[in-house]
Structure formats: C-alpha cells, structure tokens
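Colleague:
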Amino acid sequence: MTAKTVAKPPHREVNGSAEISLHDVARSYAGRNGQVQALDGLSLHVGAGEVVAVVGPSGCGKSTLLELVCGLQSPDRGTVSAGPAVLMPQRDLLLPWACALDNAALPLRIAGMGRDQARDQARPLFEALGLEGFERSRPDELSGGMRQRVAFVRTLMSGKPILALDEPFAGLDALTRQDAQAWLVDALTAQPRTVLLVTHDVEEAVVLADRVVVLSPRPGHQIAALPIALQRPRKRTDPALVALREEALIALGVDR
Amino acid sequence: MRAFLLALVLLAAWQAYAKLGGIDDFLLPAPTEIATAMFDDAGLLWSDFQVTAAEVLLGILVAIFLGVACALSIHLSQTLRQTVYPLLIASQTIPIVIIAPLLVAWLGYDLAPKLAIIALVCFFPVTVTALDGLRSVDPEVRKLMRTLDASRLEVLRRVELPWALPAIFSGARIAVTVAVIAAVLAEQAGSSRGLGHLILQAIPQFETARAYAAVVILAAFAVVLFSLLTAAERLALPWAHRSQVEGERS
C-alpha cells in the first residue's frame, strides 16, 4: 500500500456543501497491540439529501469513517471533504443534570442562544417526535427509546446539513428499534438531511437508506453498493426489500 | 441506628476499662467523667466552640474556593499541570506543625493564620477530587461537543463543571473532617481562644476530662458538617444521587 503515491497530501476539508466525498482514504489508529489499519483505500460519495447506510463486520473502521467525516480525525492518506457534520453516537450521551428539553436544545445554547429562546426553538421538533409532556423529565426518568429521540432532536438542532449516525439504535430492544426507525424516516421526510448511517443491522440499513454500502473486514474499503429504490415508508415484509437484504448479507459473506 | 448501638457498646467498654482497668483518670477519663465535665464546663466549652466553629466554617469555604480554583487552572493549563501540580503534591507532605508557628509569626494571633492553616490542609483533597472530576468526562461526550462546535469554555461550562460537582462534594466532605484537626493545630500554634487552646490549657491543669469533652464536641461538629454536606448534595445534585442508586442496583 505504501507504494501508492498520491499527488495531494492527505487532508480533510470542510466546505459549505451537504455532500460527503472520500477519495482513497487510509487511516490507522494506535491499538493495544500496535498500529491498527482501520481503513485503507476507501472511496465513498454521498450526495446532498442522500441517506447512505454503511454495513460491515465488527471492527471494519466504521466509527473511524464517521469521525473522519465529522472532522474529529484526519486521514493518513487520501482526501475527505464534507460539509458541516454532527455526530449522533450509539449511547445517547444526554447530560444527566439537564432536563430532556434542555438536552435537546444544547446545540443552540452552545451557539450562544439564551435558555428560553433555545427551548422555544427546540420545542416543535421535540413534540413532533412524540416527546410532549416529557420536557422537564431528567434523562434517567426516560426509557431508552425516548432518550434516543431526545438525542436525535439534539442532533437535528445543531442545524448541520450532514448527520453522522453511529449505530444509533443498537442499544435498543427489537420492538423499540423498529419504532425508532419509523420516527427517523418520518423526521427525515419532514426535514431532509444528508445521512451517513453506520449500522450492524442489515435490515435497518435496507429499511432506512437510499443506498447500502458494504465494507470489507479491516482494513475497510467498499466491496459492494446496493441502491434501494423503494418507496418510504417501507415494509420489512416487502419481497423486494427481503431480496435486497439477502443481497447485502451475501456481500457481507453471511448468507447462510 | 446501628451506628448508635455500636457507639453505645464502645462507650460501655471504655467506661469499664477506665473504671476497672486501673488506669489513671488523668490519662484516660471515663465517659461519665467526660459527660460531667461537659455539663460543668458548658459555658466555657460553648464560647470556645463558637470560636473554633467559625474558623472551621470559614476555613472550609476558603479551602473549597482555593481547591476548585487550583483544579480549574491545572485542568486548563498543561504547563501548570506539569509544573505546579507536583509541587502541590509535595507541599502536602510538609507537617503543618512545622509551618504553623511561622504562619502565626507572619499573620498574627487573629483569625488569619487559622484560616491559612485550615485552608492549606483542606484545599488539597478538594483540588484532587475536583481535578479528577473535571478529567473524568466521558471522551465520547467530548467528541460530541466538538461536533457541536463547542469552545473550550463551553465544554467547561456545560459539561466539565457539572460533571465534576459530585467529586467536588466528596472533596469537601473529606475537607470537613481534616478541617477540625487543622483548627486545633492552628489554635495550639498560637491562640488565646478556641477548643484547641482549651485542650492545650486543660492537659497541664490535669483537667483531662475537659480536654476530652472538647474532643467529643469537635467530633460531633465534624459529623454534623459531614451530614449537612451529604444532605446538601442530595438536594443540589439529585441526578448524581439517582444514578448512584441505579449503579448499586445493577
């Protein structure tokens, strides 16, 4: 891999767009037993307003990918260019001392808005996600599904055009997860954003995304891309969707 | 309730040893003698207690303020962390009795040297716990704050400081117990009032029971302050208390 030369030095740039472009990206990190090559030769383009799900085996560098997109890391090789992106982690990471509405309004407070104004601005979306009546509840009084809704409102309130979702529903039970996928589809229909969704759950990827990208085992690079041209909301039992799910599983090498 | 029973058993054992063990009253007074002294010298003890209590309360406030300020500056500046922090740790090994007379010589016989000594002894547990609290923030939360474009100051204000509050309360609770000892040392280094001074006077006068009565009052005072801080924390930080309970359950 080192024989490959690049004309441009590796860099990550933030531009004003809502697109994500990665070209021939390599990135390693210091693991417990030396350097771990997380990604190598990954190229990916996500258009404005597109929802792309990334699936891959454990440790294929999916979280590294999201951190590159969010500007939390820079590539060792290749280029990453993307508009402003916000991260939604797997754990909701709500601040335990703040009420649900204040957690949702956090990005506005960080941007310098006063408390009352920030609450007023966050309230419509808060209610649209079915959280009405829980404004004053502290996170430890909410169920896992509701906490994840609050975290999603917080993500949207950042006002950034790109959402980097890191297995956002992996911690939820199966029924709550289906419910969460449904409100995510509704919210994105109402407020379209560019979404890069990392998930272990192939079904989730096929239900939510416009395109499913399959990564290889570490070091991760793209080995398959499946466009999902199905109307939303999608039914899990739709034969077309089931067929696409099979196809993704085969690409992952887990088709048994 | 169980603590009360244990205290009763220990008191009974003490009483039996002091009365039947053949030990001199001037070395170890029996609990009943201490109680008598407390009753007989109530006026004296009360007026000296007021002096010491004021020193302890003010000293703790100064210590918490200094401790948090120290922790914040060490937390925010890598240079300070590398230069000042090791010195702070080393400073804690200096026996306070060595420098107490020096502080008295500098600051006089009034409140100032007592506050300085109490603050010197007590700010360190607050600094260490506050610093640990500030640094214990979940790294994932730091990443999240970065993608929300939070400045260093915003991270400190919205995340790190509230995150560190339970630790700061723990530091304050440790500080309370050592503050009482520090106040006695400070008074013995140079003072004409306070329970430390009373103890220093009582021993050569063979009023050992009175000195023990002063110690009992100081211990009770520390326990009350400790409990008040615990109650204040539960009121002020209900979220921290609740997650602790959950942690114990799981």
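As you go down the protein sequences, you meet chains A and L in turn.
So in this note's numbering the end of the first sequence lands on 257, straight run, no missing numbers.
So in this note's numbering the end of the second sequence lands on 231, straight run, no missing numbers.
Every residue, glycine too, gets a C-beta built ideally from N, C-alpha and C.
#1: Shorter than 9 angstroms from the beta carbon of Thr189/L to some beta carbon of chain A?
#2: Taking the alpha-carbon positions, what's the Ala(-3)/L to Ile55/L distance?
#3: Unbroken beta strand (DSSP E) runs of length 3 or more, entirely within the segment 93 to 169 of chain L: which are they?
#4: Taking Arg139/L as the reference, which of Ala230/A, Glu68/A, Ala106/A, Arg78/A has the closest Cα?
#5: Consider the Cβ of Asp141/A: report whether some Cβ of chain L lies at a distance smaller than 9 angstroms.
#6: Can you give the beta carbon distance from Gln182/A to Val203/A, rounded, assuming they're within the 8 angstroms contact cut?
#7: Given a cut-off of 9 angstroms on the beta-carbon distance, is the pair Val47/A and Ser22/A in contact?
#8: Counting only beta-carbon separations shorter than 9 angstroms, does Asp113/L have a partner in chain A?
#9: For Ile163/A, count neighbouring C-beta atoms within 10 Å of its own C-beta (all shown protein chains included) and say buried if the count is 16 or more, exposed if not.
#10: Is there a Cβ from chain L that is less than 9 angstroms from the Cβ of Val87/A?
#11: Suppose the cutoff is 6 angstroms on Cβ atoms and the five residues either side in sequence are ignored; what does the same chain contact list for Glu168/L look like?
#12: Closer than 8 angstroms, Cβ to Cβ, to anything on chain A: give me those residues from the segment 93 to 122 of chain L, in chain order.
#13: Would you mind reading off the limits of the beta strand (DSSP E) that contains Val214/A?
#14: Looking at C-beta atoms only, is the number of pairs between the segment 77 to 95 of chain L and the segment 34 to 43 of chain L that lie closer than 8 angstroms three or more?
#15: To be precise: take each residue of the segment 104 to 119 of chain A, compare its Cβ to all Cβ atoms of chain L, and keep it if any distance is under 8 angstroms. Which residues remain?
#16: Work out the CA separation of Val186/A and Val293/A for me, nearest whole Å.
#17: Counting along the chain, where does the alpha helix (DSSP H) carrying Asp25/A start and finish?
#18: Let's test the definition: count the other Cβ atoms within 10 Å of the Cβ of Thr65/A and tell me whether it reaches 16, buried, or not, exposed.
#19: At the level of alpha carbons, what is the spacing between Asp113/L and Arg194/A?
#20: So Val199/A and Leu40/A are supposed to be a Cβ contact under 8 angstroms. How far apart are they, rounded?
#21: Are the C-beta atoms of Trp98/A and some chain L residue less than 9 angstroms apart?
#22: Under a three-way DSSP split, which group does Leu105/A fall into?
#23: Tell me whether Gly24/L is buried or exposed, calling it buried when 16 or more other Cβ atoms sit within 10 Å of its Cβ.
#24: Roughly how many angstroms separate the alpha carbons of Pro219/L and Leu146/L, rounded to a whole number?
#25: Can you tell me where the beta strand (DSSP E) with Gly35/A in it begins and where it stops?
#26: I'd like to confirm the pairing. Which residues does DSSP put opposite Met89/A in its beta bridges?
#27: Using a Cβ-Cβ cutoff of 8 angstroms, what residues of the segment 59 to 72 of chain A are near chain L? List them in chain order.
#28: From the DSSP output, which residues share a beta bridge with Ser82/A?
#29: Cβ-heavy atom distance between Leu1/L and the ligand MG below 8 angstroms?
#30: Can you name, in chain order, every residue of its own chain whose Cβ lies under 7 angstroms from the Cβ of Pro85/A, other than the five neighbours on each side?
#31: Where does Gly113/A land, buried or exposed, given buried means 16+ other C-beta within 10 angstroms?
#32: Considering only the alpha carbon of each residue, which of Asp6/L, Lys0/L, Gly2/L lies closest to Gln186/L?
#33: Between Pro90/A and chain L, is any beta-carbon pair separated by less than 9 angstroms?
#34: Going by C-alpha distance, which of Gly79/A, Arg92/A, Met89/A, Gly134/A is nearest Cys100/A?
#35: Taking Cβ positions, are Ala217/L and Gly152/L nearer each other than 9 angstroms?
#36: Which of the residues in the segment 150 to 171 of chain A, read from start to end, lie with their CB under 7 angstroms from any CB of chain L?
Modeller: Well, looking at it:
#1: Reading the second sequence from its first residue, position 208 is the one you call residue 189/L. Cβ-Cβ to chain A under 9 angstroms: no for Thr189/L.
#2: Residue -3/L sits at position 16 when you count from the first residue of the second sequence. Residue 55/L sits at position 74 when you count from the first residue of the second sequence. Between Ala(-3)/L and Ile55/L, the C-alpha separation is close to 52 angstroms.
#3: none
#4: Here the question's residue 139/L lines up with position 158 in the second sequence. Taking only the C-alpha atoms, the option nearest Arg139/L is Ala106/A.
#5: Taking the first sequence and counting its residues from 1, one reaches residue 141/A at position 140. Yes, contact with chain L.
#6: Along the first sequence, read from residue 1 onward, the residue named residue 182/A stands at position 181. Along the first sequence, read from residue 1 onward, the residue named residue 203/A stands at position 202. So it is not a contact: roughly 13 angstroms between Cβ atoms.
#7: Within the first sequence, residue 47/A is the residue found at index 46, counting from 1. Within the first sequence, residue 22/A is the residue found at index 21, counting from 1. Yes; because the gap between Cβ atoms is below 9 angstroms, this pair is in contact.
#8: Start at 1 with the first residue of the second sequence, and residue 113/L comes out as number 132. With 9 angstroms as the cut-off, Asp113/L does not count as an interface residue toward chain A.
#9: As a first step, residue 163/A must be located in the first sequence, where it is residue number 162. Buried, since its Cβ has 16 or more Cβ neighbours within 10 Å.
#10: In the first sequence, residue 87/A corresponds to position 86, counting from 1. Yes - at least one Cβ of chain L is within 9 angstroms of the one on Val87/A.
#11: One-based indexing of the second sequence puts residue 168/L at position 187. Counting only Cβ-Cβ distances below 6 angstroms, and skipping sequence neighbours, we find Gly175, Gly177, His178.
#12: Asp119, Glu121, Val122
#13: Counted from its first residue, the first sequence places residue 214/A at position 213. From DSSP, the beta strand (DSSP E) with Val214/A extends over 212 to 216.
#14: yes
#15: Leu107, Pro108, Arg110, Ile111, Ala112
#16: This structure cannot speak to residue 293/A, because chain A is shown only from 2 to 257.
#17: Here residue 25/A corresponds to residue number 24 of the first sequence, with the count starting at 1. Per DSSP, Asp25/A belongs to no alpha helix (DSSP H); it is in the beta strand (DSSP E), 21 to 32.
#18: The residue given as residue 65/A occupies position 64 in the first sequence. Burial call: buried.
#19: Translated into the one-based positions of the second sequence, residue 113/L becomes position 132. Translated into the one-based positions of the first sequence, residue 194/A becomes position 193. Rounded to the nearest angstrom, the two C-alpha atoms are 39 angstroms apart.
#20: Stepping through the first sequence from its first residue, residue 199/A is reached at position 198. Stepping through the first sequence from its first residue, residue 40/A is reached at position 39. Actually they are not in contact, since the Cβ atoms of Val199/A and Leu40/A sit about 12 angstroms apart, beyond 8 angstroms.
#21: For the purposes of this step, residue 98/A is taken as residue 97 along the first sequence, with counting starting at 1. So yes, Trp98/A belongs to the interface.
#22: As a working note, residue 105/A is residue 104 in the first sequence. The sequence shown places Ala at residue 105/A, not Leu. Helix at Ala105/A.
#23: Position 43 of the second sequence, counted from the start, is the residue given in the question as residue 24/L. Exposed, since its Cβ has fewer than 16 Cβ neighbours within 10 Å.
#24: Start at 1 with the first residue of the second sequence, and residue 219/L comes out as number 238. Start at 1 with the first residue of the second sequence, and residue 146/L comes out as number 165. Approximately 12 angstroms between the Cα atoms of the pair.
#25: Within the first sequence, the letter at position 34 stands for residue 35/A. Per DSSP, Gly35/A belongs to the beta strand (DSSP E) from 35 to 47.
#26: Numbered from its first residue, the first sequence carries residue 89/A at position 88. Note: Met89/A sits in a beta bridge opposite Leu166/A.
#27: Glu68, Cys71, Gly72
#28: In the first sequence, residue 82/A corresponds to position 81, counting from 1. In DSSP, Ser82/A forms a bridge with Glu14/A, Ser22/A.
#29: Summarising the ligand content, the structure contains no ligands, and the ligand MG is consequently not present.
#30: Here residue 85/A corresponds to residue number 84 of the first sequence, with the count starting at 1. Only Val15, Lys161, Pro162, Ile163 meet the Cβ criterion.
#31: Along the first sequence, read from residue 1 onward, the residue named residue 113/A stands at position 112. Label assigned to Gly113/A: exposed.
#32: Start at 1 with the first residue of the second sequence, and residue 186/L comes out as number 205. It is Asp6/L.
#33: The count along the first sequence starts at 1 and reaches residue 90/A at position 89. True, the Cβ-Cβ gap to chain L drops below 9 angstroms.
#34: Stepping through the first sequence from its first residue, residue 100/A is reached at position 99. Answer by Cα proximity: Gly134/A.
#35: Reading the second sequence from its first residue, position 236 is the one you call residue 217/L. Reading the second sequence from its first residue, position 171 is the one you call residue 152/L. The answer is no: Cβ separation not under 9 angstroms.
#36: Ser159
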